[in-house]
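With my numbering, letter number 156 in the sequence shown gets 143, and the count goes up by one each step, no holes.
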Amino acid sequence: MCDQCKTSFPPSSPGLPRRNFLKILGAALSLPATLRAAEKGPPPKPQNVLSPDAALNRLIIGNHRYIDGTMRRHDFATDRPALASAQNPFAGILSCADSRIGPEYAFDTGRGDLFVCRVAGNFANEDTIASFEYAVSVLGTPLIFVLGHQACGAVDATIKQIKEGASFPGHIPSLTYALTPAVDAAGKDPGDLLTNAIKENVLLTVQKLQAAEPILSDAVSNQKLKIVGGVYDLHTGKVELVSS
């Protein structure tokens, strides 16, 4: 297991909303799978019931349309009735919060297709792992995609902190704390440090999610879930796979 996977989370004090969420999740997971399926009824978007490999292929094909400028027309009016009561996204996306990156656009998807968690630096923490556990165990999502991007400001800030002693106000250091393992690992490789650190961060985050026990790791072991990653090019819009 990588060092980042072993890194403990900074101390936190979960509030009532988070405790309630975990109670609801625990109750849902305690039900037999057949009972949960019966309660949910038919999936609102049957086309989203896919194998992990098929889900990844759908993302790749959607990205090709995005690059070529041949994106499909997505009309929410046709999906609204079904999605008002349920969801069955075919992929979970862990994306940076950068305003230039829109996962739904980059993969040419519609509402109800992607379960998206966003944080500057696209790293996995306690909350995003819990969110993806819900997506996988309750919603049946077969794929998690870690989406990094070129010229990531959060990674660049981490490099400046490590190499130049830069300091940042407020809670920003919590981001650089989380991204430090990727920068440290990338510093051993030749080439541009920022480019390498962005890729390394995706790889470490994929590994961390794959090792997250018990829900995600079990789903991966049982081949019900695939966790991969890629880097978005700001100039072309292409998402280059770095872990598949």
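Positions of the beta carbon are idealized from the N, C-alpha and C atoms, including for glycine.
Residue i, enclosing beta strand (DSSP E) - first and last residue
i, result
"H136", "L130 to H136"
"V36", "Run containing V36: none; DSSP gives neither H nor E here."
Residue j beta carbon less than 9 Å from that of residue i
i, j, result
"I131", "G79", "yes"
"R98", "H61", "yes"
"P129", "K225", "no"
"T96", "V106", "no"
"T192", "V170", "no"
"V142", "L126", "no"
"L190", "L196", "no"
"L81", "V133", "yes"
"A173", "E187", "yes"
"I54", "T223", "yes"
"I48", "L228", "no"
"L221", "A117", "no"
Assumed close pair residue i, residue j - CB separation to whole angstroms, cut-off 8 Å
i, j, result
"A122", "F102", "4 Å"
"P68", "D100", "Going by Cβ atoms, the distance from P68 to D100 rounds to 16 Å, so no, they are not a contact pair."
"K213", "P31", "Rounded, the Cβ-Cβ distance is 22 Å, inconsistent with contact."
Residue range of the alpha helix (DSSP H) that includes residue i
i, result
"L235", "The requested residue 235 does not occur in the structure, where the chain is confined to residues -12 to 231."
"E113", "E113 to S124"
"G140", "G140 to E151"
"L233", "The first residue shown for the chain is -12 and the last is 231, placing residue 233 beyond what the model contains."
"L203", "I202 to S208"
"N228", "Position check: residue 228 holds Leu in this sequence, whereas Asn was assumed. Segment V226 to S230 is the beta strand (DSSP E) holding L228; no alpha helix (DSSP H) there."
"A71", "Unbroken run through A71: none, as it is neither H nor E."
Residue i - partner residues in DSSP beta bridges
i, result
"V103", "I80"
"I214", "I131"
"Y250", "The structure shown has nothing for residue 250, since the chain only spans -12 to 231."
"Y219", "H136 and V226"
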